[in-house]
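Data first, discussion second: the structure below is written as C-alpha cells.
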Amino acid sequence: MSDANRSRHGSSIGQPVTRRDGMQKVTGQARFAADNNPAGLLYAALATSKIALGRVAFLDVAAARAHPGVVEVMVQENRPALAQHPDDKSVPFSFKMDLLQDDRVRYAGQPIAVVIAETLEAATEGAALLAPRYEAEPVEVTLDAAGAYVPETVGVGAPAEMRHGDVEAGLGSAAFRIEATYETPLQFHNAMEPHAVVAAWDGDALSLDMPTQGLALTQMRLASLFGIRMQDIHIRTPFIGGGFGSKLLSGPQVLGILAARLVGRPVKLVLTRAQMYGPVSHRSPTRQTLRMGAAADGGLTAIHHHLRTATSRFDDFLEPSGGVSHSLYAAPAIATTTEAVRLDTGTPGFMRAPGEASGSIALESAMDEMAAACGMDPLEFRLRNYAEVEPVSGKPFSSKALRECYTEGAARFGWAGRPLEPRQMRDEDGMLVGWGLGTATFPAMMFQGEARAVLRRDGTGVMESGTHEMGQGAWTAFAQIAADSLGLSLDQLEFRAGNSDLPNAGIAGGSAHTATAGSAIHSAGGQAIERLTELAVADPRSPLFGAGNVGVVARDGRLVRRDDDSRSESYSDILGRAGLDMVEGRGSAAADPAVAERYAMHAHGAVFAEVKVDPDLGQIRVTRLVGAFAAGRIINPRLVRSQYYGGMIWGLSFALQERAAIDPRTGRVMNADLAEYHVPVNADVPSVEAILVAEEDPYVNALGVKGVGEIGITGTAGAIANAVWHATGVRVRHFPIALEDITGALEA
Ligand code: MOS
2 MSDANRSRHG SSIGQPVTRR DGMQKVTGQA RFAADNNPAG LLYAALATSK
52 IALGRVAFLD VAAARAHPGV VEVMVQENRP ALAQHPDDKS VPFSFKMDLL
102 QDDRVRYAGQ PIAVVIAETL EAATEGAALL APRYEAEPVE VTLDAAGAYV
152 PETVGVGAPA EMRHGDVEAG LGSAAFRIEA TYETPLQFHN AMEPHAVVAA
202 WDGDALSLDM PTQGLALTQM RLASLFGIRM QDIHIRTPFI GGGFGSKLLS
252 GPQVLGILAA RLVGRPVKLV LTRAQMYGPV SHRSPTRQTL RMGAAADGGL
302 TAIHHHLRTA TSRFDDFLEP SGGVSHSLYA APAIATTTEA VRLDTGTPGF
352 MRAPGEASGS IALESAMDEM AAACGMDPLE FRLRNYAEVE PVSGKPFSSK
402 ALRECYTEGA ARFGWAGRPL EPRQMRDEDG MLVGWGLGTA TFPAMMFQGE
452 ARAVLRRDGT GVMESGTHEM GQGAWTAFAQ IAADSLGLSL DQLEFRAGNS
502 DLPNAGIAGG SAHTATAGSA IHSAGGQAIE RLTELAVADP RSPLFGAGNV
552 GVVARDGRLV RRDDDSRSES YSDILGRAGL DMVEGRGSAA ADPAVAERYA
602 MHAHGAVFAE VKVDPDLGQI RVTRLVGAFA AGRIINPRLV RSQYYGGMIW
652 GLSFALQERA AIDPRTGRVM NADLAEYHVP VNADVPSVEA ILVAEEDPYV
702 NALGVKGVGE IGITGTAGAI ANAVWHATGV RVRHFPIALE DITGALEA
C-alpha cells in the first residue's frame with residue numbers, strides 16, 4: 002500500500018483537534034515533574050555563587066547542617082563520585098556542567114552547594130546559612146571584552162565563515178549601499194516550569210521525574226556520568242512546561258540526582274526563578290554588521306553579514322546569526338563572518354530559533370534600510386530579490402511558498418497604500434502609526450526517531466514513541482498521525498509517550514519533532530497494516546484474498562480492497578481468524594542525506610506589523626501582527642496556529658521587551674525575575690493573526706511536514722523594528738527598542 006493512499010483516506014491529519022491533554026491542563030490534573038512526591042521524599046535547595054569568577058574560600062557547612070530539618074549538605078568533599086567528568090561532551094548536544102567538581106566559580110549563579118532537608122523551607126534556610134566567602138577575580142561580561150577570536154564553527158558545527166561570490170566587487174559596483182550595526186541583548190530562558198527533578202535510586206537503577214526535550218539523550222548522558230546502564234534509567238516526562246531549547250539535561254538536575262544518591266532517599270530539586278539566570282543556558286548578545294549593495298533597479302549586488310558574539314570562558318556555543326543570510330535573498334555575492342569573545346557567564350545555548358531569531362532581526366532591518374535607500378516599498382524590494390534557488394548553495398528548494406505568504410499576508414494586513422516615506426500616518430488620537438514587514442525563515446530539519454505500533458484483536462490500536470509534550474501539542478498531533486497510519490479514529494487509538502521506556506523518539510528540538518517522530522510513527526503504523534494485509538490477502542477465507550496485487554487501504558478499522566470498496570474486512574476479523582491477539586509494526590525515521598544533497602529545505606513566512614508610537618512619550622504599542630507561513634503539510638491547524646502565535650509574541654518580546662541587564666562589575670544579572678525581565682502579557686498583544694499558507698513538499702519527509710515551532714519568532718522582531726521606523730522616522734538598531742530611543746531622537 003502506498004503512503005499516498007493511506008493518508009488520503011486518513012481523517013485525523015489536517016483536523017483542528019483540540020489538545021488531548023487540554024482537560025488535564027486546565028483542571029490542574031496534568032502532573033509535571035515537581036508534582037511528584039514519592040514516599041520518604043527530601044527537598045534540595047541550591048546555593049549559588051554571588052561572584053562570577055574566582056573560588057569559594059569558605060562555606061559554613063556546620064551552620065547549615067545544624068539547622069532543624071536539614072539532613073545533609075552536599076559540597077565538593079562529600080559529593081558522590083562520578084564515572085565521567087562533567088566537562089565531557091561526548092554525548093550529542095551536551096554542555097559542560099558544574100557539579101561541585103572543584104572550588105572554582107565560572108559564572109554568577111553557578112551552583113556551589115546543595116542543602117537537603119525534610120522540607121523545602123529548611124533546605125532553603127540551610128542554603129542561606131552557608132554564607133559563602135569568595136576570592137573574586139575581575140570579570141568580563143560584555144561584548145566589548147578583549148581577546149576576540151575567529152571561531153571555526155558556530156551553532157552545531159556550522160562554518161563560522163562562508164564566502165560566495167565577490168562581496169567587495171558587488172559592493173563596489175552598487176548604486177546604493179548601506180552599512181549598519183545591530184545589537185541584540187542577552188536573554189534568559191523563562192519557561193513557565195523551571196528545571197526540576199525528582200530522583201530516586203534503587204541500587205544502580207535510577208527513577209526520575211524530570212522535564213526533558215530529549216529522553217534518550219538524557220539517559221545516555223546520565224549513563225555516562227554515573228557509569229550505569231541506559232536501560233536502568235527510567236525517566237517520566239509526561240508534560241513539560243516549556244523547553245525552548247533549555248531542557249536537555251542541565252547541571253542542577255544532575256545535582257538533584259547526586260543528592261538523592263548521597264542521602265539514599267528520593268530527592269526533589271526545583272530551580273527558583275532567579276536560579277534560571279545562570280546554569281541553564283541563555284541566548285548570548287550579538288553585534289551584527291550588515292553591509293549591503295543594490296543596483297539601480299533594486300537588485301542586491303552583495304550581502305556581508307558579520308557577527309560578533311560571545312560564549313563562556315570554559316565552553317563553546319556561538320549563536321549562528323549569519324545563517325539566515327545564506328538562504329533568504331538572491332544576491333550574487335554573500336559572505337558571513339564571525340568573531341567571538343569569551344565571557345565570565347554561563348554557557349549560551351539553544352534558545353528558540355538560535356541564530357535565526359537574532360540574525361533575522363539584523364537582516365530584516367537591513368533589508369528595510371536598503372529598500373529605503375533604493376526608494377522602494379519593502380515588500381516590492383523583497384520580491385525583487387526573491388531567491389528562486391538557495392543563493393549560496395544553488396540548490397532548488399524542496400518547496401517554497403514564500404511568494405504566496407507575502408501575497409496573502411499583505412492582503413490580510415492591508416499593506417497596499419502604505420506610504421513610502423516614514424512618519425506619514427497618525428490615528429485619531431494623534432499617535433504615529435507605522436507598518437513594517439519581516440520575512441520569516443527556519444530550516445526544515447530531521448533527527449532520528451523510532452516508534453512501535455500495535456493493532457489489537459478488539460479493533461483498537463496502540464502507538465508508542467517517547468515523544469515530548471512541551472505544551473506545543475505534540476501528544477495530539479502525534480496521535481493524529483498515528484490514527485491515520487493505522488486506519489483508526491482517534492478514540493480507537495491509545496498513544497503512549499513521555500517515557501524513556503518507550504521507543505526513542507529523538508529530541509524535541511530544531512522544530513523537528515513532528516518531522517522526526519511523526520515520520521517514525523507513520524512508518525510503524527504502515528508496517529502494522531502491512532502485516533495485517535499479508536494475513537488477509539493470503540487467506541482464501543478473507544474477502545481480500547488475492548488482493549495482493551491491487552492492494553488495500555486501511556480505514557475505519559478495516560482493510561478495503563483498493564479497486565472495490567465493497568470488499569473489505571475488519572481488523573478484528575482478520576486477527577481472529579488468524580488466531581492472533583495483535584500484530585505489531587516498528588518504524589524509524591531519519592533525515593535522508595541524498596535529499597539534503599539535492600534540495601534546500603526551509604519553512605518560510607511573512608510577518609506584517611502595525612505599531613502606534615506616542616510622539617510625546619515614545620511609548621510603542623504593537624497594535625496588529627499578521628503572519629502568513631508556509632511549512633509544508635499541516636497536521637493540526639489549531640495547534641500550528643498556536644505555535645505561530647507563540648513565536649510571533651516572542652518576536653514582539655525580542656523587539657520591545659526582553660533584555661537581561663548584567664552588571665559589568667560583578668557579572669551578575671540585575672533583573673533575574675519576571676518583574677523586571679520583561680515579557681509580553683495579553684495587554685501587549687491586542688491582535689495577532691496567523692495565516693496557514695498551502696504548501697506541498699514531496700521531498701522533505703514522508704509526511705511532507707516542516708517545523709512550525711521556531712519560525713514565528715523570526716521575521717516578527719524585524720517587522721516591528723521596521724514599523725517603528727515607519728511610524729517615527731527613527732531607526733533604532735539595538736534591541737529591545739525602548740521609549741527613550743524614540744523620545745531622544747524625536748527631540749533631537
Ligand atoms: Mo529549540 S531552541 O531546538 O527547543
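Quick note, the working numbering runs 1 ahead of the 1-based positions in the sequence shown. Even glycine gets a Cβ: it sits at the ideal position worked out from N, Cα and C.
Query	Result
Range of the contiguous alpha helix (DSSP H) that encloses Ala751	Nothing about residue 751 can be reported from this structure: the residues present for the chain run from 2 to 749 only.
7 Å Cβ cutoff met for Ala303 and Leu172	yes
Sequence-distant residues of its chain with Cβ nearer than 7 Å to Ala255 (five each side left out)	According to the sequence provided, residue 255 is Val. The question's Ala does not apply to it. Excluding sequence neighbours, Val255 sits near Met98, Leu100 and Leu226.
Entirely enclosed alpha helix (DSSP H) segments - the segment 79 to 146, minimum 4 residues	121 to 130
Span separating the alpha-carbon of Met75 from that of His165	54 Å
Nearest residue (CA-CA) to Ser520, options Arg559, Ser543 and Ala454	Ala454
Separation of Met293 from Glu180, as counted between CA atoms	7 Å
Segment contact, 8 Å Cβ cut-off, at least three pairs: the segment 530 to 542 with the segment 594 to 613	no
Touching by the beta-carbon criterion (3+ pairs, under 8 Å), the segment 211 to 222 and the segment 261 to 280	no
Backbone CA spacing between His10 and Lys707 [nearest angstrom]	Annotation note: pLDDT 48 at His10 (below 50); position unreliable, no value reported.
The segment 76 to 90 in contact with the segment 102 to 114 per 3-pair CB rule at 8 Å	yes
Cβ-heavy atom distance, Pro355 to the ligand MOS, below 6 Å	yes
When Gly418, Leu626, Leu130 and Leu259 are compared against Ala84, the one with the closest alpha-carbon	Leu259
Supposed close pair Ala53, Val142 - CB separation, criterion 8 Å	7 Å
Per-residue burial, Ala367 [other beta carbons within 10 Å of its own, 16 or more giving buried]	buried
heavy atom of the ligand MOS below 6 Å from Gly474 C-beta	no
Nearest to Ser328 (by Cα), restricted to the options Thr182, Gly360, Gly431 and Val342	Gly360
Distance cut-off 6 Å: Gly439 Cβ against heavy atoms of the ligand MOS	no
heavy atom of the ligand MOS below 6 Å from Phe245 C-beta	yes
For Arg56: DSSP bridge partner residues	Arg105 and Glu136
Exposure label - Val157; buried when at least 16 CB within 10 Å	exposed
Whole-angstrom C-beta distance between Gly127 and Ala118, which should lie under 8 Å	6 Å
Identified DSSP bridge partners for Gly586	Ala454
Straight-line Cα distance separating Glu690 from Met471	22 Å
Beta-carbon proximity of Leu364 to Leu438, cut-off 7 Å	no
Rounded straight-line distance, which links the Cα of Val140 to that of Thr667	7 Å
Host beta strand (DSSP E) of Asp428 (start-end)	Neither: Asp428 is in no beta strand (DSSP E) and is coded neither H nor E.
Phe240 beta carbon less than 7 Å from that of Ala1	No statement about residue 1 is possible, as the shown extent of the chain runs from 2 to 749 and does not include it.
Beta-carbon proximity of Asp777 to Arg134, cut-off 7 Å	Nothing about residue 777 can be read from this structure; the chain reaches only from 2 to 749.
Per-residue DSSP class, three states only, for Asn6	In this predicted model, Asn6 has a pLDDT of only 35, less than 50, meaning its place in the structure is not dependable; the value taken from the coordinates is given anyway. It is helical.
Extent of the continuous beta strand (DSSP E) to which Trp416 belongs	Segment: none, Trp416 is in no beta strand (DSSP E) and carries neither H nor E.
Counted within 10 angstroms of its Cβ, other Cβ atoms place Thr717 as buried (16 or more) or exposed	buried
Cβ pair count under 8 Å reaching 3, the segment 522 to 533 against the segment 442 to 458	yes
Beta-carbon proximity list for Gln658, same chain, < 7 Å, skipping 5 on both sides	His679, Val680, Pro681 and Pro737
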